[in-house]
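A.B. asks:
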Amino acid sequence: MITFVSPTLDYSLLAPILIVLGGALIGVLIEAFAPRGARASSQLFITLATLALSLAALIRSRNGASTTAAMESVTFDGAGVLLQGSILIIAIISVFLLADQENFTALAAALPGSDEERTSLQQDLKVTEVYPLTLFAVAGMLLFPVATDLVTLFVALEMLSLPLYLLAGLSRRRRLMSQESALKYFLLGAFSSAFFLMGIAYLYGYSASVSFSGIHAAVIGGTGNDIYLLLGIAFLSVGLLFKVGAVPFHAWSPDVYQGAPTAVTAFMAAATKVAAFGAMLRIFYVSFAEVYWQWRPALIAIALITMVFGSLVAIAQRDVKRMLAYSSIAHAGFLLSGVIALNKSGLDASIFYLFAYGVATVGAFAIVTLVRDSAGEVTDLNRWSGLGKRSPWVATAFAGFLLAFAGIPLTSGFIGKFSIFSAAYESGSTAILITGVLSSAIAAFFYIRVIVLMFFKDPVEDGTSVVIPSVYTQITIAISAVVTFALGIYPTPLINLIQSTAQFLR
Amino acid sequence: MNLNNMNLLTLSMLLPLLGTLALAFVPKTNVLLTKQIALVTTVLVAVVGIAMMISFDFNAVGFQFVESREWIPSFGIKYALGVDGIALVLILMSVVLTPIVVIASWNESEGGRWSPKVFYSLLLVLETMMIGVFASTDVFLFYVFFEAMLVPVYFLIGGFGSGDRAAAAVKFLLYSLFGGLLMLASIVGIFVMSTRYGNRTFDITTLSGLNTVLTPMMENFLFLGFFIAFAIKAPLWPLHTWLPDAAKSATPGTSVLLLGVLDKVGTFGMIRYCLTLFPNASKTFTPMIITLAVISILYGAFLAIGAKDIKRLIAYTSISHFGFITMGIFAMTSQGMSGATLYMFNHGFSTAALFLVAGFMISRRKSSTISDFGGLQRITPIMAWSFFIAGMSSLALPGLSSFVSEFLVLVGTFTRYPVAAVIATFGIILAALYILIPVQRALHGPTTPGNENLTDLTLREKIAITPVIALIVILGFYPSPLLNIINPAAATVISQQGFSDPAPTMSEGK
Numbered sequence: 004m005i006t007f008v009s010p011t012l013d014y015s016l017l018a019p020i021l022i023v024l025g026g027a028l029i030g031v032l033i034e035a036f037a038p039r040g041a042r043a044s045s046q047l048f049i050t051l052a053t054l055a056l057s058l059a060a061l062i063r064s065r066n067g068a069s070t071t072a073a074m075e076s077v078t079f080d081g082a083g084v085l086l087q088g089s090i091l092i093i094a095i096i097s098v099f100l101l102a103d104q105e106n107f108t109a110l111a112a113a114l115p116g117s118d119e120e121r122t123s124l125q126q127d128l129k130v131t132e133v134y135p136l137t138l139f140a141v142a143g144m145l146l147f148p149v150a151t152d153l154v155t156l157f158v159a160l161e162m163l164s165l166p167l168y169l170l171a172g173l174s175r176r177r178r179l180m181s182q183e184s185a186l187k188y189f190l191l192g193a194f195s196s197a198f199f200l201m202g203i204a205y206l207y208g209y210s211a212s213v214s215f216s217g218i219h220a221a222v223i224g225g226t227g228n229d230i231y232l233l234l235g236i237a238f239l240s241v242g243l244l245f246k247v248g249a250v251p252f253h254a255w256s257p258d259v260y261q262g263a264p265t266a267v268t269a270f271m272a273a274a275t276k277v278a279a280f281g282a283m284l285r286i287f288y289v290s291f292a293e294v295y296w297q298w299r300p301a302l303i304a305i306a307l308i309t310m311v312f313g314s315l316v317a318i319a320q321r322d323v324k325r326m327l328a329y330s331s332i333a334h335a336g337f338l339l340s341g342v343i344a345l346n347k348s349g350l351d352a353s354i355f356y357l358f359a360y361g362v363a364t365v366g367a368f369a370i371v372t373l374v375r376d377s378a379g380e381v382t383d384l385n386r387w388s389g390l391g392k393r394s395p396w397v398a399t400a401f402a403g404f405l406l407a408f409a410g411i412p413l414t415s416g417f418i419g420k421f422s423i424f425s426a427a428y429e430s431g432s433t434a435i436l437i438t439g440v441l442s443s444a445i446a447a448f449f450y451i452r453v454i455v456l457m458f459f460k461d462p463v464e465d466g467t468s469v470v471i472p473s474v475y476t477q478i479t480i481a482i483s484a485v486v487t488f489a490l491g492i493y494p495t496p497l498i499n500l501i502q503s504t505a506q507f508l509r
Numbered sequence: 002m003n004l005n006n007m008n009l010l011t012l013s014m015l016l017p018l019l020g021t022l023a024l025a026f027v028p029k030t031n032v033l034l035t036k037q038i039a040l041v042t043t044v045l046v047a048v049v050g051i052a053m054m055i056s057f058d059f060n061a062v063g064f065q066f067v068e069s070r071e072w073i074p075s076f077g078i079k080y081a082l083g084v085d086g087i088a089l090v091l092i093l094m095s096v097v098l099t100p101i102v103v104i105a106s107w108n109e110s111e112g113g114r115w116s117p118k119v120f121y122s123l124l125l126v127l128e129t130m131m132i133g134v135f136a137s138t139d140v141f142l143f144y145v146f147f148e149a150m151l152v153p154v155y156f157l158i159g160g161f162g163s164g165d166r167a168a169a170a171v172k173f174l175l176y177s178l179f180g181g182l183l184m185l186a187s188i189v190g191i192f193v194m195s196t197r198y199g200n201r202t203f204d205i206t207t208l209s210g211l212n213t214v215l216t217p218m219m220e221n222f223l224f225l226g227f228f229i230a231f232a233i234k235a236p237l238w239p240l241h242t243w244l245p246d247a248a249k250s251a252t253p254g255t256s257v258l259l260l261g262v263l264d265k266v267g268t269f270g271m272i273r274y275c276l277t278l279f280p281n282a283s284k285t286f287t288p289m290i291i292t293l294a295v296i297s298i299l300y301g302a303f304l305a306i307g308a309k310d311i312k313r314l315i316a317y318t319s320i321s322h323f324g325f326i327t328m329g330i331f332a333m334t335s336q337g338m339s340g341a342t343l344y345m346f347n348h349g350f351s352t353a354a355l356f357l358v359a360g361f362m363i364s365r366r367k368s369s370t371i372s373d374f375g376g377l378q379r380i381t382p383i384m385a386w387s388f389f390i391a392g393m394s395s396l397a398l399p400g401l402s403s404f405v406s407e408f409l410v411l412v413g414t415f416t417r418y419p420v421a422a423v424i425a426t427f428g429i430i431l432a433a434l435y436i437l438i439p440v441q442r443a444l445h446g447p448t449t450p451g452n453e454n455l456t457d458l459t460l461r462e463k464i465a466i467t468p469v470i471a472l473i474v475i476l477g478f479y480p481s482p483l484l485n486i487i488n489p490a491a492a493t494v495i496s497q498q499g500f501s502d503p504a505p506t507m508s509e510g511k
């Protein structure tokens, strides 16, 4: 007979996640009870306070020894804390973008083009539910890279995905496109979740365990049926690769990046990558490291294709958000080299890269929100021409982020690229190094093309202009730019922190 | 006075940055103050550079003015500076050329897409990086400067040039980035190898022992990563196509720095990095490189003969000259090496003279086509004479500085590769053609319509061109101060390769 053991939870360790969940619930209550007028400001305050509190709780628990909590279904180790910290910091700077409500529809439930929509616009309604939705997603992201059993991992995956599906459909303009992208994201996401679950089933069949350590033990013991292990790794990888947007599971990302409100895109592009790569690093480093010869060739192939495909297709893009989407696909390929490296420097480099890339991504999308005409954001690249003439500072900041993506020295992107490629090469993968370098050269082409457009072409007179950034957006851009260049000029403190703490507890 | 421990290198890199900072506070409308700040700053840097030359110990082996601080210790990366004779000469060239460019660009900076403030800020940032790239003794630091300096040059070409400047700037940047990324692969390779066989370091002196543990295959690949990047920078045929476009579209001042200094980073890198780090691979590839160099000498010369545009002409002559420099370097003799280094210095000044005078001519005639000029000798004698002397220096007339270096390169090459040296000698004959034809067309003969009212050089222009021409003449008769600095360093590089000069050695005509 099965005896029920009442679970012991280690609340102090779980505090960062619980605080975020609590904040999200308060947000829901505000939605229900607070008067309309008070919602926007109080939600912003609650969200920021929640994230800051959570970060404080995380920093407080940082010095504790690596340990497991909640019946070994989550693990708090150096790498987990660093990943959670990155997610929280990225969330904080992207929340400022959410505050700029110009991006969002007035009433999500109103059909596009309906009278209801017009009324809601006239009444100047605001969708303040974006704040609790974001917090729920953040909670899922915080759980994702520290989960150490497959069931918790799956719960975290759904927890971070569902709010994002909703958020993607909330765009104020081009609502049909936004809703289409949300539906596409949801359907494909559900599909990949099914693969993910299937993988869990196979791995359970292989090892009779859902915990990472149990699977690891089975892998070492070599008792199970290897076919199940392989199928399990393959299906699980499909789910994870979908989340990071690696080829051939990338099809959703350009559409969703383009359709979603830009503030959401910023948050999703940056934070989801950290969470998903965090989980991926953990499961491959902890559970599957000993059978690397089984999965590494496939993952190398995917990384190579992802780098080359992302860089090549980005060249053909005429829309700035789609271009950034394909660029993020290419970066997913670079990041996969960190998983493939399977050594300490690979882990360190990945964490550095994720943080640096995430911050620069938020900054870049923050600037996209600023370029508008009377009908909303202008994402057509041709209409960005001459931006450097009209708003030199905005164009300069955007150029800075693009140079960071391209990996030019004195930006964070360069240190990230150098460290992740050297980690991959250290592990013996020359192909990754050569292909990575060559696709970086291809990628440089389209980043530079945007710089040419902004600085060396004359402005088109079609009413495109840069709005004066709100204080919130200014904060986001300033923080992102400072971090991007500081990490390029003097990355030593962060690298030392990562090197001394990043470790997976097995 | 011992200047050696005053961190002069850092000081010379810091000064332009402070100048940039000062520029940030100058109102956009106060153009004169902007230019004055830029001029004062660059002159100060030049003074620091000359102070370094004076206190440089000619006889010491190894790097001088050494500085070293931890930068990213966990990757073994240091902020490490130091110069040997070769680097010092190139730094001198850079810091002397920059104020001259500031004076010569006095008016050009106003015709650009942005204000002169942006022009001079970019120029000053570029000066910092130019010094840094020659002074780095840490391979990673070198790479950082090598790549980062592309950004100011890119904006200088694209923002202040003429014609299809944006396209030229992009072509320049993409070529350079491609080479730079190949080099990044090699840097990663060095990093991993140095970790595997010893301690993590990017220190050039320590790494020069790395080749003993590398497999030949690995060494060849790492060598190629560096060499291709440098062969794009100091354009060797067939990687040269970006240069004429960039030189044509940039302002003459930018072109001076582009061809005079930036491209030297390529040939300097071949000496400092290719030869020092990968001596065996250098030997393996020498026949191929000498061949490419000879092709460049002749190909550049032929294109120059056919050039219709005066700026393109100068760019093509430079391709020919870079062929000479590369040949001298890979001849692996001390004369070749000394000659190549001196050649780099002299080429900097003779190209500067050509570009500056060409700039003066173009700004008056509003055309850069050679056939639009004619009879300048009568109308604007000083300008014509300046162009003539610069041209003579470019074709290495005895008595002018480039003769010494070209002679040394040919002698140094002849002792080891007589065939290549003999073929390259034809380059000298072609040089006479490509210089004398435009001289004849533009300076002599009847005054052609449109040139009657050209004015001669202004005082500012004379101030800019005089030191350049003076240096060309003085160093032609008396090159030994520079050779004294260069020779020990060149001999060290050669002996590190395990080469000795083939007997009989030639005297260097000191």
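If you read the sequences in order, they're chains A and B. With my numbering applied, the first sequence closes on residue 509, and no number is skipped along the way. With my numbering applied, the second sequence closes on residue 511, and no number is skipped along the way. The beta carbon of each residue, even a glycine, is placed where N, CA and C say it ideally should be.
1. For chain B, check one thing: does any of its Cβ atoms lie closer than 8 Å to the Cβ of Gln-502/A?
2. Is the number of C-beta pairs between the region 17-30 of chain A and the region 101-116 of chain A that are closer than 8 Å three or more?
3. Where do the ends of the beta strand (DSSP E) carrying Leu-82/B lie?
4. If we ignore side chains and look at the alpha-carbon of each, how far apart do Pro-100/B and Lys-129/A end up?
5. Measuring CB atoms only, is the region 225-235 of chain A touching the region 202-210 of chain A, in the sense that at least three cross pairs come out at less than 8 Å?
6. Which bits of chain B does Thr-495/A rub up against, with CB to CB less than 8 Å?
7. Can you check whether the CB of Ala-397/B is closer than 8 Å to the CB of Phe-404/B?
8. Under 8 Å, Cβ to Cβ, is there at least one residue of chain A near Val-126/B?
9. So, Thr-151/A versus Ser-214/A, is the Cβ gap smaller than 8 Å?
10. Which residues in the same chain have their Cβ closer than 8 Å to the Cβ of Ile-473/B, if we skip the five residues on either side of it in sequence?
11. Can you list, in chain order, the residues of its chain with a C-beta nearer than 6 Å to that of Met-144/A? Leave out the 5 residues immediately preceding and following it.
12. Is the Cβ-Cβ distance between Ala-425/B and Val-295/B less than 8 Å?
13. Please check if any C-beta of chain A sits within less than 8 Å of the C-beta of Ser-13/B.
14. Compare the C-beta of Leu-508/A with all C-beta atoms of chain B and state if any pair is closer than 8 Å.
15. Tell me which residues share the same chain as Asp-373/B and place their Cβ nearer than 7 Å to its Cβ, disregarding the 5 neighbours each side in the sequence.
16. Whose C-alpha, out of Ile-438/B, Thr-416/B, Leu-437/B, Leu-411/B, is nearest the C-alpha of Phe-427/B?
17. Name the chain B residues that come within less than 7 Å of Glu-183/A, Cβ to Cβ?
18. Does the count of Cβ pairs from the region 112-122 of chain B and the region 16-26 of chain B closer than 8 Å reach three?
19. DSSP on Gln-261/A, reduced to helix/strand/coil?
20. Under a three-way DSSP split, which group does Val-463/A fall into?
21. So, is Val-485/A buried or exposed, given that buried needs 16 or more other C-beta atoms within 10 angstroms?
22. Mind pulling the alpha helix (DSSP H) runs of 4 or more residues that sit fully within the region 338-400 of chain A?
23. Suppose contacts are defined by Cβ-Cβ distances below 8 Å. Is Ile-205/B in contact with Asp-139/B by that definition?
24. Just to confirm, are Arg-114/B and Gly-160/B a CB contact at a threshold of 8 Å?
25. Checking contacts by CB at 8 Å: is Ser-443/A closer than that to chain B?
26. For the region 244-262 of chain A and the region 184-194 of chain A, state whether three or more C-beta atom pairs, one from each stretch, are separated by less than 8 Å.
27. Considering only C-alpha positions, which residue in the set Val-67/B, Ser-368/B, Ile-191/B is nearest to Arg-215/B?
28. Between the Cα of Gln-336/B and those of Glu-407/B, Phe-179/B, Thr-318/B, Met-384/B, spot the shortest distance and give me the residue it belongs to.
29. Closest to Ser-415/A by CA distance: which of Tyr-356/A, Ala-319/A, Ile-62/A, Ala-41/A is it?
30. Measuring only the C-alpha atoms, how far is Glu-148/B from Ile-418/A?
31. Per DSSP, Thr-71/A forms a beta bridge with which residues?
32. Consider the Cβ of Leu-19/B: report whether some Cβ of chain A lies at a distance smaller than 8 Å.
33. Please report how far the alpha carbon of Tyr-274/B lies from the alpha carbon of Gly-88/A, in whole angstroms.
34. Per DSSP, Glu-71/B forms a beta bridge with which residues?
35. Do Gly-376/B and Thr-327/B have their C-beta atoms closer together than 8 Å?
C.D. replies: Well, looking at it:
1. Position 499 of the first sequence, counted from the first residue, corresponds to residue 502/A. Cβ-Cβ to chain B under 8 Å: yes for Gln-502/A.
2. no
3. By 1-based counting over the second sequence, the position of residue 82/B is 81. First-last of the beta strand (DSSP E) with Leu-82/B: 78-84.
4. Numbered from its first residue, the second sequence carries residue 100/B at position 99. Numbered from its first residue, the first sequence carries residue 129/A at position 126. Taking the straight line joining both Cα atoms gives about 59 Å.
5. yes
6. Counted from its first residue, the first sequence places residue 495/A at position 492. In chain order: Glu-71, Trp-72, Ile-73, Pro-74, Ser-75.
7. By 1-based counting over the second sequence, the position of residue 404/B is 403. By 1-based counting over the second sequence, the position of residue 397/B is 396. Going by C-beta atoms, Phe-404/B is nearer than 8 Å to Ala-397/B.
8. Sequence index remark: in the second sequence, residue 126/B carries index 125 (1-based). Answer no: the Cβ-Cβ gap between Val-126/B and chain A never drops below 8 Å.
9. Here residue 151/A is taken as the residue at index 148 of the first sequence, counted from 1. Here residue 214/A is taken as the residue at index 211 of the first sequence, counted from 1. Cβ distance < 8 Å, so Thr-151/A and Ser-214/A count as in contact.
10. Sequence index remark: in the second sequence, residue 473/B carries index 472 (1-based). The answer, listed in chain order, is Asn-347, Phe-350, Ser-351, Ala-354, Ile-390, Ala-391, Ser-394, Leu-401, Ser-402, Ser-403.
11. On the first sequence, position 141 is the one that residue 144/A refers to. Excluding positions up to five away in sequence, the list reads Ile-90, Leu-163, Ala-274, Ala-278.
12. Here residue 425/B corresponds to residue number 424 of the second sequence, with the count starting at 1. Here residue 295/B corresponds to residue number 294 of the second sequence, with the count starting at 1. In contact: Ala-425/B and Val-295/B (Cβ atoms closer than 8 Å).
13. For this step, residue 13/B is matched to residue 12 along the second sequence. Closer than 8 Å: no.
14. Numbered from 1 along the first sequence, position 505 holds the residue referred to as residue 508/A. It does not; no Cβ of chain B falls within 8 Å.
15. For this step, residue 373/B is matched to residue 372 along the second sequence. Cβ neighbours of Asp-373/B beyond the five flanking positions: Arg-366, Gly-451.
16. Counted from its first residue, the second sequence places residue 427/B at position 426. Checking every option, the nearest Cα to that of Phe-427/B belongs to Leu-411/B.
17. Taking the first sequence and counting its residues from 1, the one referred to as residue 183/A is at position 180. The contacting residues do not exist; Glu-183/A stays about 36 Å from chain B at best.
18. yes
19. As a position in the first sequence, residue 261/A is number 258, starting the count at 1. Gln-261/A falls in the helix class under three-state DSSP.
20. In the first sequence, counting from the first residue as 1, residue 463/A sits at position 460. DSSP places Val-463/A in coil when its eight states are reduced to three.
21. Counting from one through the first sequence, the residue named residue 485/A turns up at place 482. Counting Cβ neighbours within 10 Å, Val-485/A comes out exposed, since fewer than 16 surround it.
22. 347-371, 390-393
23. Here residue 205/B refers to the residue found at position 204 when the second sequence is read from its first residue. Here residue 139/B refers to the residue found at position 138 when the second sequence is read from its first residue. Cβ distance < 8 Å, so Ile-205/B and Asp-139/B count as in contact.
24. Against the second sequence, residue 114/B aligns to sequence position 113. Against the second sequence, residue 160/B aligns to sequence position 159. For Arg-114/B and Gly-160/B, yes; Cβs fall inside 8 Å.
25. Taking the first residue of the first sequence as position 1, residue 443/A is located at position 440. Yes, because at least one Cβ of chain B sits closer than 8 Å to the Cβ of Ser-443/A.
26. yes
27. Sequence index remark: in the second sequence, residue 215/B carries index 214 (1-based). The sequence given here has Leu at residue 215/B, not Arg. Cα-wise, what sits closest to Leu-215/B is Ile-191/B.
28. Numbered from 1 along the second sequence, position 335 holds the residue referred to as residue 336/B. Here the closest residue by C-alpha is Glu-407/B.
29. Counting from one through the first sequence, the residue named residue 415/A turns up at place 412. When each option's Cα is compared against that of Ser-415/A, the closest is Tyr-356/A.
30. Looking up residue 148/B in the second sequence gives position 147. Looking up residue 418/A in the first sequence gives position 415. Cα to Cα, Glu-148/B sits roughly 13 Å from Ile-418/A.
31. For the purposes of this step, residue 71/A is taken as residue 68 along the first sequence, with counting starting at 1. Thr-78/A.
32. Residue mapping note: residue 19/B aligns to position 18 of the second sequence, counting from 1. Judged by the 8 Å Cβ criterion, Leu-19/B is not in contact with chain A.
33. Numbered from 1 along the second sequence, position 273 holds the residue referred to as residue 274/B. Numbered from 1 along the first sequence, position 85 holds the residue referred to as residue 88/A. Spanning the two alpha carbons is a distance of roughly 41 Å.
34. For this step, residue 71/B is matched to residue 70 along the second sequence. According to DSSP, which records beta bridges pairwise, Glu-71/B is partnered with Lys-79/B.
35. Position 375 of the second sequence holds residue 376/B. Position 326 of the second sequence holds residue 327/B. It is not a contact, given that the beta carbons lie outside the stated cut-off.
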